[in-house]
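Going by UniProt numbering, the residue at position 13 of the sequence shown is 13; the numbering climbs one at a time, nothing skipped.
Remarks on the structure that follows.
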Amino acid sequence: MQAKNLSLLFLIPMLYFIGCKKDEPDNTKALTGAVLAEVLYNPYERITPPTNDTIIIPNTNTSYQTPGKQYSPACFGNSGNTKFYFFRKSVSANNKKLLINFMGGGACWSNNNCFGVNTTTFFNFLNDVPDLFVKVAFQGILDAGNSSNPLKDYDVLFIPYCTGDLHIGSNDVATYDDPYVSSDPSVYSHRGHDNVLSVLKYIQSNYTQVTDVVVAGQSAGGYGAILNYPHIRAVFSDNTKFPSFNKMSLVADASNGAVINGFFSTIVNTQWGSGPNIPDWVVGSNYLTTGTPSIEDYLSKIITAYPNDVVGQYTAAFDSTQRWFFNVMGIIDSGSPSYSDSSSYFGPGDARDVPDLGNTSNTPSNCNWAINANTAMTGTGAPSDKYYYYRAPGDIHTITTSDTMYGLVSNGVNFNTWLKSIVSNVGTPTDVDCSLGSGSHPCTDKNYGSNSLNDTLGRATSQDSFDNNKDLYETCFGP
1 MQAKNLSLLF LIPMLYFIGC KKDEPDNTKA LTGAVLAEVL YNPYERITPP
51 TNDTIIIPNT NTSYQTPGKQ YSPACFGNSG NTKFYFFRKS VSANNKKLLI
101 NFMGGGACWS NNNCFGVNTT TFFNFLNDVP DLFVKVAFQG ILDAGNSSNP
151 LKDYDVLFIP YCTGDLHIGS NDVATYDDPY VSSDPSVYSH RGHDNVLSVL
201 KYIQSNYTQV TDVVVAGQSA GGYGAILNYP HIRAVFSDNT KFPSFNKMSL
251 VADASNGAVI NGFFSTIVNT QWGSGPNIPD WVVGSNYLTT GTPSIEDYLS
301 KIITAYPNDV VGQYTAAFDS TQRWFFNVMG IIDSGSPSYS DSSSYFGPGD
351 ARDVPDLGNT SNTPSNCNWA INANTAMTGT GAPSDKYYYY RAPGDIHTIT
401 TSDTMYGLVS NGVNFNTWLK SIVSNVGTPT DVDCSLGSGS HPCTDKNYGS
451 NSLNDTLGRA TSQDSFDNNK DLYETCFGP
């Protein structure tokens, strides 16, 4: 759920100086101008929705029916993160193919992780970055210039993330206290679902010709794609507005849902105010408090409700960011240590110092995340249900907005080949599991982040495992 590194953006202003030299040849100036034009060209159009609006979504519960669901798009409310807008990339006129992509960027639910310099755990500066950040920071399925991209011909609606609530909240919180601001705003806003509704309202007016839709998201955006999928699906099921609609698929990237007990009933339902946003027409009434809420269960209900839709779920077997966030949940839930603006508060972001604790309890640890995430993927549905998973080796977080997706292989299956089968019906989808691959360490010997422990062992590991000369798979799943 971690935010992308946007340091490349700070290189862009330097390019302006390339064309400022005197006495350079005219052809050099022309070339420089062409390079600048290409680098600075932004294919994404910013769209700012009304601050208050209503939407009617057929085939949903009564709150989305006449006279319409009221919503108020907004970001969290801290400095540089107040106004919500989204982005559209038009690939061709009257395009019948549409990708709706949810941006990732962490989550927060407490003073201990909503504020601070080194303790804030969500993307909280949308209004401080230039619009060009979408083009610079996100490639993979968003890159129309790559001929290997199975979604290169799709228009894109990119939903930024600025609310810390997995894109599903509708709550204004007055109980937060930012220790770095002497006079806080009266409220902070978890209104991710409201932001999504503003995008759906735009779709109802501007994409009535669509036939094929892909809903995707990375990290926190993967959760947003999953949790909001029934609302999106209901919009396109309106035959009066979308008479040519044909099919939809879901791609959830690095969003497996290994969480602490009470996460859905307390944080999602109460803190983020998401209860009324959960689609009871798919999961039943009061799902967050009386049902069996989990990403695994939620996906199984989506599969049941929409049996013709294809659902693909991806994770690296030891995703370091998801392991880290699982540990953050445990630290905050325990109430200790007290708030401190220190990078040691949650430990290194690659989770190397998180304890392994090789058991299957829900206590946050490296092994408990890996075991729970694997169980959730393999238990969600069978191939006949049109649900397919891709369990990759290593610990790298997210894949679909990186060009590394074209070269990644797990158990002999190229990720991009698998993705094509999910979104384009090219080939036959399969379940992919690194643990079934050849070699001595097929789930740890590639696709791992560079740190002193991984680099020394040559495999994805942690401090606990490294001290025993083991990788994480050996510790968590046995030799």
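Where is the CB? At the ideal position from N, CA and C, for every residue including glycine.
Whole-Å CB distance - L200 paired with I55, under 8 Å assumed: Position 200 of the sequence shown holds residue 200. Position 55 of the sequence shown holds residue 55. Sure, about 6 Å apart at Cβ, within 8 Å.
In the DSSP assignment, find the unbroken alpha helix (DSSP H) run with residue 483 in it and report its ends. Here the chain comprises residues numbered 1 to 479, so residue 483 is not present and cannot be evaluated.
Evaluate G427 with the Cβ neighbour count: other Cβ atoms within 10 Å of its Cβ, from every protein chain shown; 16 or more gives buried, anything less gives exposed. Start at 1 with the first residue of the sequence shown, and residue 427 comes out as number 427. Its Cβ having fewer than 16 others within 10 Å, G427 is exposed.
Please report the residue range of the beta strand (DSSP E) in which K89 lies. Reading the sequence shown from its first residue, position 89 is the one you call residue 89. Element bounds for K89: 86-89.
Sort out for me which residues DSSP pairs H190 with in a bridge. What you label residue 190 is simply residue 190 of the sequence shown in a count that begins at 1. Answer is N171.
Can you tell me whether Q70 is buried or exposed? The criterion is at least 16 other CB atoms within 10 Å of its CB, across all chains shown. Residue numbering aside, residue 70 sits at position 70 when the sequence shown is read from its first letter. The residue is exposed, with fewer than 16 neighbouring Cβ atoms inside 10 Å.
Measure how close the beta-carbons of T119 and N127 come, nearest whole angstrom, since I'm counting them as under 8 Å. Mapped onto the sequence shown, residue 119 falls at position 119. Mapped onto the sequence shown, residue 127 falls at position 127. At roughly 21 Å, the Cβ-Cβ gap does not stay under 8 Å, so T119 and N127 are not in contact.
Taking the Cβ atom as the reference point for each residue, do I168 and S265 lie within a distance shorter than 7 Å? Here residue 168 is taken as the residue at index 168 of the sequence shown, counted from 1. Here residue 265 is taken as the residue at index 265 of the sequence shown, counted from 1. Going by C-beta atoms, I168 is not nearer than 7 Å to S265.
Return helix, strand or coil for M248, following the three-state DSSP convention. On the sequence shown, position 248 is the one that residue 248 refers to. In this structure, M248 counts as strand in the three-state DSSP scheme.
Can you give me the start and stop residues for the beta strand (DSSP E) that F123 sits inside? What you label residue 123 is simply residue 123 of the sequence shown in a count that begins at 1. From DSSP, F123 is part of no beta strand (DSSP E); its letter is neither H nor E.
In this structure, how does DSSP classify Y71 when only helix, strand and coil are distinguished? Locating residue 71 in the sequence shown gives position 71, where the first residue counts as 1. In the three-state reduction of the DSSP assignment, Y71 falls in the strand class, which pools E and B.
Using the C-alpha atoms, what's the distance from N256 back to N368? In the sequence shown, residue 368 corresponds to position 368, counting from 1. In the sequence shown, residue 256 corresponds to position 256, counting from 1. C-alpha separation (whole angstroms): 12 Å.
Beta-carbon within less than 7 Å of N277's beta-carbon, same chain only, minus the 5 sequence neighbours each way: which residues are those? Walking along the sequence shown from the start, residue 277 turns up at place 277. Here N277 has I168, S170, H193 as same chain residues with Cβ atoms under 7 Å from its own Cβ, once five neighbours each way along the sequence are excluded.
Beta-carbon proximity of S462 to D356, cut-off 7 Å: The residue given as residue 462 occupies position 462 in the sequence shown. The residue given as residue 356 occupies position 356 in the sequence shown. Yes, these two residues count as a Cβ contact at 7 Å.
Just curious, the alpha helix (DSSP H) that I422 is in, first and last residue? Numbered from its first residue, the sequence shown carries residue 422 at position 422. Where I422 is concerned, the enclosing alpha helix (DSSP H) stretches over 415-423.
In its own chain, which residues sit with a C-beta less than 7 Å from the C-beta of P364, not counting the 5 before and 5 after it? As a first step, residue 364 must be located in the sequence shown, where it is residue number 364. The answer, listed in chain order, is I260, F326, N327, M329, G330.
Select from G77, N411, I100 the residue whose C-alpha is nearest the C-alpha of residue 480. Any answer about residue 480 is impossible in this case: the structure gives the chain only from 1 up to 479.
Between Y389 and Q65, what straight-line distance do the alpha-carbon atoms span, to the nearest angstrom? The sequence position of residue 389 within the sequence shown is 389, counting from 1. The sequence position of residue 65 within the sequence shown is 65, counting from 1. When rounded, the distance between both Cα atoms is 35 Å.
Who are the Cβ neighbours of F245 in its own chain at under 8 Å, not counting the five residues just before and after it? Taking the sequence shown and counting its residues from 1, the one referred to as residue 245 is at position 245. Correct list, in chain order: V210, T211, V213, F236, S237, N239.
Range of the contiguous beta strand (DSSP E) that encloses residue 496: Because the chain here runs from 1 to 479, residue 496 falls outside it and cannot be looked at.
Using C-beta distances below 7 Å, list every residue in its chain close to Y406, excluding the 5 sequence neighbours before and after it, in chain order. The count along the sequence shown starts at 1 and reaches residue 406 at position 406. S148, N416, listed in sequence order.
Can T398 and D177 be called in contact, C-beta distance under 7 Å? One-based indexing of the sequence shown puts residue 398 at position 398. One-based indexing of the sequence shown puts residue 177 at position 177. The beta carbons of T398 and D177 sit no closer together than 7 Å.
Cβ neighbours of L227 in the same chain (closer than 6 Å, five flanking residues each side left out): In the sequence shown, the residue the question calls residue 227 occupies position 227. Same-chain partners within the cutoff: I168.
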